[in-house]
Amino acid sequence: MAEKVLDLFDEMKIEPDQFTLSVLFNACAVLNNNRAMKIGKELLAKMPENYRNKNITSTSAINMLMKFGDVE
580 MAEKVLDLFD EMKIEPDQFT LSVLFNACAV LNNNRAMKIG KELLAKMPEN YRNKNITSTS
640 AINMLMKFGD VE
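Numbering (the working numbering), first residue to last: 580 to 651.
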């Protein structure tokens, strides 16, 4: 299911909002493979600053990074 989430996102070519980012971060955390790491980190780098203050988005991003073993 998580793989389908990333496939669908790639097909849609949309700018994700805070809710879409949360779903994508969770999908990346579940997959925890090279593709998921690449997409997740790219999304995090492009995430608008005002989304960083949203609990659900930040929590999903932190969870993803923890699954990747990439929390400093």
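C-beta atoms are modelled at their ideal positions from N, C-alpha and C, and glycine is treated no differently. Computed from a predicted structure; not experimentally measured.
* Near residue 605, which residues of its chain fall below 6 Å by C-beta distance, leaving aside the five closest residues on each side in sequence? -> 639
* To do: Indicate whether residue 591 and residue 619 have their beta-carbon atoms separated by less than 8 Å.
  => no
* Pick out whichever of 599, 610, 589 has its Cα sitting closest to the Cα of residue 580. => 610
* **Limits of the unbroken alpha helix (DSSP H) element including residue 590** => 581-591
* Where the alpha helix (DSSP H) containing residue 628 begins and where it ends -> Where residue 628 is concerned, there is no enclosing alpha helix (DSSP H), given that its DSSP letter is neither H nor E.
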